[in-house]
Amino acid sequence: MSLDFIQTRRPASATSPLADARRRRQRADPRGRRKWTGLLYIAPAFLVYVLFVVLPGLHTVYLSMFNWDGITPATWAGLGNYRAVVSDPLLRGAIEHALVLIVFFAVLPITLGLLLAALLARHRRRGMTFFRVIFFLPQIVPLVAVGITWRWMYTEDGAVNQILRFFGLARTTRAWLGDFHLALLAVGLIGTWTLAGLCMMLFLSGVQKIDPALYEAARIDGAGTVREFWAVTLPGLLSEIRVALTVTIIAALASFDIVYVSTNGAPGNQTTVPGLLVYRLAFTDERIGLAAALGVVLTGLILVVVAAISVGIRSEA
Amino acid sequence: MVNARKLVASRRAIGAVAAASVALTLAACSLTPGAHNSSPAATGPVSTAVPADQVTLRLAFCDGPDMTNALVQAFEKKYPQVKIVPQYTSFDDYVKSLKLTMTSDNAPDLAEYNAAMKDLSAGGLIADLTPYEAAYDWDKAFPKSALDELRIDKTGKLLGTGRLIAVPAGLSLVGVYYNRQLMSRAGISAVPTTMAEFEADLAKAKDAGLNPLSVGALDAGALHLWSAILNVDSDPARVRGWIDGQAGSTINTDAAMQATQAIADYAKKGYFPASANGTSENDSATAFSKGSSVFHVNGNWAAAQLDTAMKGNVGFFLMPPGNAGGSAVGNGYSVAYAVSSKTKHPEAATAFLDFLHSPEAAVIESAGGFLPPNAQAAPSTTGVKKDLSVANEHVVAADGLIPFPDFAAPAMLDALESGLQSVIAQRMSAKDFLDSLQTVWNAYHGS
Chain G
1 MSLDFIQTRR
11 PASATSPLAD
21 ARRRRQRADP
31 RGRRKWTGLL
41 YIAPAFLVYV
51 LFVVLPGLHT
61 VYLSMFNWDG
71 ITPATWAGLG
81 NYRAVVSDPL
91 LRGAIEHALV
101 LIVFFAVLPI
111 TLGLLLAALL
121 ARHRRRGMTF
131 FRVIFFLPQI
141 VPLVAVGITW
151 RWMYTEDGAV
161 NQILRFFGLA
171 RTTRAWLGDF
181 HLALLAVGLI
191 GTWTLAGLCM
201 MLFLSGVQKI
211 DPALYEAARI
221 DGAGTVREFW
231 AVTLPGLLSE
241 IRVALTVTII
251 AALASFDIVY
261 VSTNGAPGNQ
271 TTVPGLLVYR
281 LAFTDERIGL
291 AAALGVVLTG
301 LILVVVAAIS
311 VGIRSEA
Chain D
1 MVNARKLVAS
11 RRAIGAVAAA
21 SVALTLAACS
31 LTPGAHNSSP
41 AATGPVSTAV
51 PADQVTLRLA
61 FCDGPDMTNA
71 LVQAFEKKYP
81 QVKIVPQYTS
91 FDDYVKSLKL
101 TMTSDNAPDL
111 AEYNAAMKDL
121 SAGGLIADLT
131 PYEAAYDWDK
141 AFPKSALDEL
151 RIDKTGKLLG
161 TGRLIAVPAG
171 LSLVGVYYNR
181 QLMSRAGISA
191 VPTTMAEFEA
201 DLAKAKDAGL
211 NPLSVGALDA
221 GALHLWSAIL
231 NVDSDPARVR
241 GWIDGQAGST
251 INTDAAMQAT
261 QAIADYAKKG
271 YFPASANGTS
281 ENDSATAFSK
291 GSSVFHVNGN
301 WAAAQLDTAM
311 KGNVGFFLMP
321 PGNAGGSAVG
331 NGYSVAYAVS
341 SKTKHPEAAT
351 AFLDFLHSPE
361 AAVIESAGGF
371 LPPNAQAAPS
381 TTGVKKDLSV
391 ANEHVVAADG
401 LIPFPDFAAP
411 AMLDALESGL
421 QSVIAQRMSA
431 KDFLDSLQTV
441 WNAYHGS
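Residue numbers (the UniProt record's numbering), protein chains in the order written: chain G, 1 to 317; chain D, 1 to 447.
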């Protein structure tokens, strides 16, 4: 730093070509050095990142090539674990379930969030903070508590069935998490409940950045509520939608807590998700290699989807 | 900031595996996964004398903190020169960290037995207690069936044979709880003595408009029922062989077919509610305690809760045998402690294990909700707890304790739970269910 300072301030004393070259080099020097100083600044964080994220990640890839119980010497498996991920119906089923969960964790919350944002944003109402707190509450509650609470609400005598009975729908009541057809839907709705508020918050803050003049212009042109939403609100929220999609789709694909607590994959493996199986394979089934392979596949899937979202929405915008 | 929380939370599942494996590798100081510990050298004759020097032991455990702490205190009172520091970890965390804990240079001297000990034993990290068994005559002091389930061969896969790696502090036992009032309302005059009588009682209860059974099949409830029916119809040696991992064992037996078919039939006939698949075993026990059904299959761990809630209205019997007078069998296991092969004080550690069958210990174990391995020394009890200790004495005398079927392979618990959920929902035949179990078994033990 101090050297840079002195060198850049030193007056040019010669005009020969050689001195010119030297001067150019001197001028170029600080820039190069500044580049290296920049790297120096990020070095501590970079080191931590490499040590705790990149290396463990690479090590997971390495482990996925072994059959290993966690203790005794491992045997080389090559790509065998990856073949198992693709061919084992249980593991493939889990990935399919995660894809179904995207509807409940991403599509529904974003739709609901947009709807709520459109309702709450058009006019300044009193008590906005109240609505925001109410809809945001599910985000504050730990997911394990959310899972346990919903598990109770879904039981035979739980709140969900009580409400159905109240409305004379006693014939539709059941132990929701024990139903082979509806368990995944029931679990998915927990995710919808959790994530809708987050999406609404994102969209509400996004709406406030939209130039009010646009709304005014739309109204003068005779646009109704619906038209205004499609023409002004939605285009203005594209970057927020991209963030919401990224976060919620990752939540769907990498879901673990809610499923683990509410059903643990029951009934009959109808609600297994990759995150749950990674945990199960590694910590109870003693198949670290297969767990690592599934984790790598899951990470790859998430990266692809996230990349697709950021490319797709940017080109639209 | 919210996004960050979600991202961190969702990445945790994947990251945990990576982190754990990195730590394991660092611990082993090599890139190729897996520790290469030399097996502990067989030592000569061992001493049963408790060392006279001041010794401090560390004990890692996850079950029954009250019982464990009381046992430690009673032991320290008897041998003041030995100090034991109990280190409690919740069950989930214990299971997750056990391998790291036991492989570390700072491993505790004593640790509660867990299925993960099988690999640790194969890796040479758990002390072989067989010489101490001979020196202390443990084969006479502890029930044979309970001790046998803590033996393991060199590969760490075959149970019931080879070196002894842990000693039990308290036994568990599964059987049938019944509601006295509802039983008489259903017109059932006495506790059934054969399986046929039990099934007739279920029908009577159904006819009387009562719910015969409470089953929590969302987790382990259905597997306890299935296993109880399986045990009474089978040769215990054959069932144990399959659970222990003896080569060539199969679950494709007539008895297992009948037990599975019984579960499907009970579900079809409405012997337990259609909501069973969405009810946890804990919740089903609570429902039973509130009078939701006449019978309920569960373990001794539920006794304290049921006793408090139902007072004198609850009783317990073992799943009755196929023929009257058949031998007493039941699923059960033990809370047991193992010794690290890295301990510097094996004599003091094994002295604590020996203490577990003492009359003082029996009182503490019984108070902790377990059945003492020294069944005769169990303090006298009343009500359902008395039923339990009587049943335990019968099982111990008949050598009829059978380990839980999910011990057959690490992935067996999930296979049993999800499979029985499918059987209950009439979506899987008995044959397919048993085949799926055998597939898991073969994958682990080799066909």
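Every residue, glycine too, gets a C-beta built ideally from N, C-alpha and C.
Cα-Cα separation, residue i to residue j
| i | j | result |
| --- | --- | --- |
| Ser234 (chain D) | Pro403 (chain D) | 14 Å |
| Leu108 (chain G) | Leu202 (chain D) | 46 Å |
| Leu98 (chain D) | Pro212 (chain D) | 41 Å |
| Asn269 (chain G) | Leu90 (chain G) | 8 Å |
| Gly224 (chain G) | Leu55 (chain G) | 55 Å |
| Glu156 (chain G) | Ile163 (chain G) | 12 Å |
| Phe288 (chain D) | Met310 (chain D) | 9 Å |
| Gln376 (chain D) | Met65 (chain G) | 53 Å |
| Glu360 (chain D) | Ala74 (chain D) | 8 Å |
| Ile95 (chain G) | Tyr82 (chain G) | 13 Å |
| Ile190 (chain G) | Glu286 (chain G) | 30 Å |
| Ser422 (chain D) | Ser90 (chain D) | 31 Å |
| Ala196 (chain G) | Trp150 (chain G) | 16 Å |
| Val304 (chain G) | Ala415 (chain D) | 32 Å |
| Val141 (chain G) | Ala170 (chain G) | 30 Å |
Beta-carbon contacts of residue i that lie in its chain and below 6 Å, excluding the five residues immediately before and after
| i | result |
| --- | --- |
| Met128 (chain G) | none |
| Ser172 (chain D) | Gly299, Asn300, Gly332, Tyr333 |
| Asp153 (chain D) | Thr161, Gly162 |
| Met200 (chain G) | Gly113, Leu116, Ala117, Phe135 |
| Tyr260 (chain G) | Leu276 |
Cβ of residue i within 8 Å of any chain D Cβ
| i | result |
| --- | --- |
| Ala77 (chain G) | no |
| Gly268 (chain G) | yes |
| Leu63 (chain G) | yes |
| Ile95 (chain G) | no |
| Leu301 (chain G) | no |
| Asp88 (chain G) | no |
| Thr225 (chain G) | no |
| Ala74 (chain G) | yes |
| Ile42 (chain G) | no |
Bridge partners - residue i, DSSP secondary structure assignment
| i | result |
| --- | --- |
| Leu401 (chain D) | D:Gly330 |
| Ile165 (chain D) | Beta-bridge pairing links Ile165 (chain D) to no other residue. |
| His224 (chain D) | Answer by DSSP bridge pairing: none, since His224 (chain D) is not bridged. |
| residue 498 (chain D) | The first residue shown for chain D is 1 and the last is 447, placing residue 498 (chain D) beyond what the model contains. |
| Arg58 (chain D) | D:Val85 |
| Tyr178 (chain D) | D:Phe295, D:Gly315 |
| Trp193 (chain G) | In DSSP, Trp193 (chain G) forms no bridge with anything. |
| Ser310 (chain G) | Looking at the DSSP assignment, Ser310 (chain G) forms no beta bridge with any residue, so it has no partner. |
| Ile152 (chain D) | D:Leu159, D:Arg163 |
| Ser214 (chain D) | D:His296 |
Cut-off 8 Å between Cβ atoms - residues of its own chain near residue i, not counting five sequence neighbours on either side
| i | result |
| --- | --- |
| Ala200 (chain D) | Pro192 |
| Leu182 (chain G) | Arg174, Trp176 |
| residue 318 (chain G) | Examination of residue 318 (chain G) is not possible in this model, given that chain G is present from 1 through 317 alone. |
| Ala41 (chain D) | Confidence at Ala41 (chain D) is low in this model, with a pLDDT of 47, below 50, so its placement is unreliable and the value that follows should be read with caution. Within the same chain, Ala41 (chain D) has no close Cβ partners at all. |
| Leu184 (chain G) | His97, Val100, Leu101, Gln270, Thr271 |
| Lys118 (chain D) | Ile152, Gly156, Lys157, Leu159 |
| Ile110 (chain G) | Cys199, Ile241, Ala244, Leu245, Thr248 |
| Tyr337 (chain D) | Leu59, Phe61, Leu110, Ala111, Glu112, Tyr113, Ala166, Val167, Ala169, Phe352, Leu353, Leu356 |
Neighbour flag for residue i against chain G, beta carbons, 8 Å
| i | result |
| --- | --- |
| Thr279 (chain D) | yes |
| Ser418 (chain D) | yes |
| Ala27 (chain D) | Here the model assigns Ala27 (chain D) a pLDDT of 41, short of 50, so the residue's position is not dependable and the matter cannot be decided. |
| Lys96 (chain D) | yes |
Cutoff 7 Å; reference residue i; Cβ partners in own chain excluding five residues on either side
| i | result |
| --- | --- |
| Lys204 (chain D) | Ala186, Gly187, Ile188 |
| Ser341 (chain D) | Pro40, Gly124, Leu125, Ile126, Ala127 |
| Ala304 (chain D) | Gly369 |
| Val95 (chain D) | Asn114, Ala116 |
| Ala106 (chain G) | Leu245, Thr248, Ile249, Ala252 |
| Met102 (chain D) | Ala111, Leu120, Leu125, Ser340 |
Quiz item: At what residue ranges does the stretch 65-147 of chain D contain a whole run of the beta strand (DSSP E), taking only runs of 3 or more?
Solution: 82-88, 110-112
Practice problem: Give, in chain order, every unbroken run of the alpha helix (DSSP H) that is at least 4 residues long and sits entirely within the stretch 227-292 of chain D. | Solution: 236-244, 254-269, 281-289
Exercise. At 4 residues or longer, and completely inside the stretch 100-187 of chain G: list those alpha helix (DSSP H) runs for me, N to C.
Key: 108-121, 128-140, 143-153, 159-166
Quiz prompt | Those runs of the alpha helix (DSSP H) which lie wholly inside the stretch 422-447 of chain D and span at least 4 residues | solution = 430-445
Quiz item: Taking the runs of the alpha helix (DSSP H) that are 4 residues or longer, which of them lie wholly in the stretch 50-103 of chain G?
Solution: 55-63, 80-87, 89-102
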